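J.: In the numbering used here, the protein residues as written are 4 to 128.
From the three backbone atoms N, C-alpha and C, an ideal C-beta is built for every residue, glycine too.
Remember, predicted model here, so these are calculated numbers, not experimental data.
A single structure is presented below for examination.
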Amino acid sequence: NLFDACSYAATAALLSSKSPKWNMVDDIPTVVEGEEQPVPITTIPVSVTMGKIGSHIIVDPNGDEWDSMDARVTITTDSDGNICALQKGGSDGFTLDEIVKCGEISVRVGAKIREKLKEAQKAGQ
């Protein structure tokens with residue numbers, strides 16, 4: 004889905020980004036000409052979208068499932084498995100138990116996707 008694809012692309016871009024290297028010279032940050040360093044990344048946010056059709060939760064719904072969804076929730080977790088963002092869409096709602104289940108799924112699936120993003124970043128270096 005487009006929500007997650009855009010999130011993964013942005014995260015992959017940040018993981019492979021470089022910034023000019025700098026040092027402190029006389030308490031003044033000074034750029035080291037011609038040298039770069041990785042952008043400091045402290046956590047890798049990963050979104051996972053789930054759709055609700057009737058009483059069923061579908062992870063990463065495809066186009067047909069998207070058209071049939073009663074509700075959608077996108078949950079983003081950080082590298083420590085903490086939920087750091089949540090967006091609900093669609094005309095129906097989720098029960099508390101369904102949201103808890105979606106949160107657990109997001110942590111588990113997010114960890115797998117995060118590893119794939121790290122592998123892709125290492126392969127691209």
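Going by other Cβ atoms of all chains shown within 10 Å of its Cβ, with 16 needed for buried, is Gly-137 buried or exposed?
T.: Here the chain comprises residues numbered 4 to 128, so residue 137 is not present and cannot be evaluated.
J.: Give the secondary structure of Ser-109 by DSSP, where H, G and I count as helix, E and B as strand, and everything else as coil.
T.: Residue state, collapsed to three classes: helix.
J.: Over what stretch of residues does the beta strand (DSSP E) that includes Thr-79 continue unbroken?
T.: Taken as a continuous stretch (DSSP letters only), the beta strand (DSSP E) holding Thr-79 covers 74 to 80.
J.: Which partner residues of Val-34 appear in the DSSP bridge assignment?
T.: According to DSSP, which records beta bridges pairwise, Val-34 is partnered with Trp-25.
J.: Between which two residues does the alpha helix (DSSP H) holding Ser-71 run?
T.: Segment 66 to 71, the alpha helix (DSSP H) holding Ser-71.
J.: When we look at the beta-carbon of Thr-14 and count the other beta-carbons within 10 Å, is it buried (16 or more) or exposed?
T.: With 16 or more other Cβ atoms within 10 Å, it is buried.
J.: Per DSSP, Lys-121 forms a beta bridge with which residues?
T.: Lys-121 pairs with nothing; no bridge assigned.
J.: Might you give, ordered along the chain, the residues of its own chain that have their beta carbon closer than 8 Å to the beta carbon of Leu-17, omitting 5 neighbours on each side?
T.: Excluding residues within five positions, the ones whose Cβ falls inside 8 Å are Val-42 and Ile-44.
J.: Determine whether the beta carbon atoms of Asp-7 and Val-76 lie at a separation below 8 Å.
T.: Their beta carbons are not under 8 Å apart, which means Asp-7 does not touch Val-76 by this criterion.
J.: Which residue marks the beginning of the alpha helix (DSSP H) containing Ser-10, and which one marks its end?
T.: First-last of the alpha helix (DSSP H) with Ser-10: 5 to 18.
J.: By the three-class DSSP mapping on this structure, what secondary structure does Ile-44 have?
T.: Three-state result, Ile-44: coil.
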